[in-house]
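As they're listed, the protein sequences go chains B and L.
Take any residue in the first sequence, note its place counting from 1, add 22, and you have its number in my numbering.
Take any residue in the second sequence, note its place counting from 1, add 68, and you have its number in my numbering.
Positions of the beta carbon are idealized from the N, C-alpha and C atoms, including for glycine.
First comes the structure, then the notes that go with it.
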Amino acid sequence: MGTAIAEGRFAFPVLEGIHLIGLSMAVGLLLLTDLRLMGVFLPQVPVRQVHRQLQPYILGGFAVVIVAGTLLFFSEASTLIVSPPWPFKFFFMLLAAVNALYFEFVIARRPEALPEKGPLPLSVRCAGLASFVLWALVIICGRMIPYIPHWA
Amino acid sequence: MSLVKLLNWVQTSRFAHGIAESNHLLIAFLQVVHVFGFIFLLAPLFLVGLRLYRLVLTNYPIEQVVKQGRKLSLFGLSMTLSSGLVMFLSAPLHYYYNWAFDTKMGLLVLAIVLYVAQFLCVAALDRRSPALARLGISMSLLSWIAVCMAGRAIGFV
Chain B
23 MGTAIAEGRF AFPVLEGIHL IGLSMAVGLL LLTDLRLMGV FLPQVPVRQV
73 HRQLQPYILG GFAVVIVAGT LLFFSEASTL IVSPPWPFKF FFMLLAAVNA
123 LYFEFVIARR PEALPEKGPL PLSVRCAGLA SFVLWALVII CGRMIPYIPH
173 WA
Chain L
69 MSLVKLLNWV QTSRFAHGIA ESNHLLIAFL QVVHVFGFIF LLAPLFLVGL
119 RLYRLVLTNY PIEQVVKQGR KLSLFGLSMT LSSGLVMFLS APLHYYYNWA
169 FDTKMGLLVL AIVLYVAQFL CVAALDRRSP ALARLGISMS LLSWIAVCMA
219 GRAIGFV
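Written as structure tokens, this is what we have:
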């Protein structure tokens with residue numbers, strides 16, 4: 023399958039395009055949620071509403087990203103694993119996942135964490151900022167892969 | 069001066085040489101800005117689309133969603149257009165003879181026209197004809213997806 027993708031004329035760019043579109047939906051909507059947690063986007067809308075309502079579309083986008091990303095990996099696994107930004111990308115993804123789980127299962131469950139109105143607690147704003155920065159780093163590392171193919 | 073002569077003049081200019089001969093990480097940086105711009109451009113459009121289809125934020129006025137999304141989306145558009153322009157100016161003839169690039173530019177014009185129409189009148193259109201507003205946002209999103217697909221093909225044709 024990896025060889026078929028690598029050798030097909032348009033399979034690779036089509037998968038790359040799907041990867042980017044899924045990323046725009048998943049990470050894009052996630053960044054909007056993060057900006058809401060930081061209090062700079064849709065400040066009048068209760069944060070719980072933004073968080074809960076966008077979640078299915080963020081997860082749907084991630085499903086597309088993971089499927090396309092896995093197929094892209096199969097097609098150039100030997101090149102990817104020696105590229106320095108590649109392990110960093112996964113390291114930042116892991117940190118972003120830990121941050122998301124901590125927010126979901128610890129911070130968001132505190133009674134005072136997500137008030138309907140008014141300023142959000144520092145822990146919520148920090149979780150939003152951490153998510154924003156970590157996903158930005160994931161994208162930066164991902165885009166750097168073709169430009170830094172191996173350690174110097 | 070013909071277009072090819074103009075592009076040839078740009079390609080042999082000090083500016084183009086400066087970019088083309090600079091560290092390859094400059095192009096990588098421009099690519100990062102280009103991708104971030106695309107994400108910031110598209111995410112608010114997705115949000116407006118979901119709101120128009122009554123899937124999210126249904127008790128929040130569409131005008132507010134559009135107004136809030138517009139600032140971020142325009143910021144993304146300016147990022148993606150400016151980084152794309154600098155990359156183009158580094159090797160304009162190379163892009164000029166690439167059919168995927170020509171396709172991308174045609175689609176980009178269509179996408180920008182639909183984009184401007186969306187942000188200018190989608191809220192009013194949603195009050196008069198929600199079906200038409202949904203069609204408009206769907207066309208706008210599809211046009212950007214087509215721009216993205218054509219863009220990814222540039223390096224492969």
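Spell out whether any CB of chain B is found under 8 angstroms from the CB atom of residue 114(L).
It does: the Cβ of residue 114(L) has a partner Cβ on chain B nearer than 8 angstroms.
Compare the C-beta of residue 61(B) against all C-beta atoms of chain L and say whether one is closer than 8 angstroms.
The beta carbon of residue 61(B) does not come within 8 angstroms of any beta carbon belonging to chain L, so the residue lies off that interface.
Within the continuous alpha helix (DSSP H) that includes residue 223(L), where are the two ends?
In the DSSP assignment, residue 223(L) falls outside any alpha helix (DSSP H), carrying neither H nor E.
Please confirm whether residue 88(L) and residue 169(B) have their CB atoms less than 8 angstroms apart.
In this structure, residue 88(L) lies away from residue 169(B), with their beta-carbon atoms at least 8 angstroms apart.
Short CB-CB distance (under 8 angstroms) between residue 202(L) and chain B:
No, residue 202(L) does not count as interfacial toward chain B.
How many Å lie between residue 160(B) and residue 70(L) at the Cα?
Here the alpha carbon of residue 160(B) sits roughly 43 angstroms from the alpha carbon of residue 70(L).
Spatial distance of residue 177(L) from residue 101(L) (CA atoms)
Their Cα atoms are separated by approximately 20 angstroms.
Thinking C-alpha only, which one of 91(B), 158(B), 106(B) is nearest residue 167(B)?
Each of 91(B), 158(B), 106(B) was checked against the Cα of residue 167(B), and the nearest Cα belongs to 106(B).
Once DSSP output is grouped into helix, strand and coil, what is the label at residue 212(L)?
It is helical.
Hey, would you say the C-beta of residue 98(L) is under 7 angstroms away from at least one heavy atom of the ligand ATP?
The ligand content of the structure shown is nil, which means the ligand ATP is not present either.
Leaving aside the five residues before and after residue 96(B) along the sequence, list all residues of the same chain whose C-beta is less than 7 angstroms from its C-beta, in chain order.
Same-chain partners within the cutoff: 23, 24, 27.
Exposed or buried, which one is residue 109(B) when buried takes at least 16 other CB atoms within 10 Å?
Exposed: under 16 other Cβ atoms inside 10 Å.
Just to confirm, is the Cβ distance from residue 51(B) to residue 80(B) under 8 angstroms?
At a Cβ-Cβ threshold of 8 angstroms, residue 51(B) and residue 80(B) count as neighbours.
Where residue 25(B) sits in the DSSP three-state scheme:
Reduced to three states, the DSSP call for residue 25(B) is helix.
Three-state secondary structure (DSSP) of residue 121(B)
Three-state result, residue 121(B): helix.
Counting contacts by CB-CB distance shorter than 8 angstroms, is residue 162(L) in contact with chain B?
So no, residue 162(L) is outside the interface.
Below 8 angstroms between beta carbons: does that hold for residue 157(L) and residue 83(L)?
Remark: C-beta atoms of residue 157(L) and residue 83(L) approach each other more closely than 8 angstroms.
Can you find the residues in the same chain that come closer than 8 angstroms, C-beta to C-beta, to residue 247(B), ignoring five residues on each side of it along the sequence?
With chain B covering only 23 through 174, there is no way to say anything about residue 247(B).
Contacting positions in the region 96-108 of chain B - beta carbon closer than 8 angstroms to chain L:
Taking 8 angstroms as the Cβ-Cβ cut-off against chain L, none of the residues of the region 96-108 of chain B qualify.
Does the distance from the C-beta atom of residue 63(B) to that of residue 54(B) stay below 8 angstroms?
Contact annotation: residue 63(B) and residue 54(B) have beta-carbon atoms nearer than 8 angstroms.
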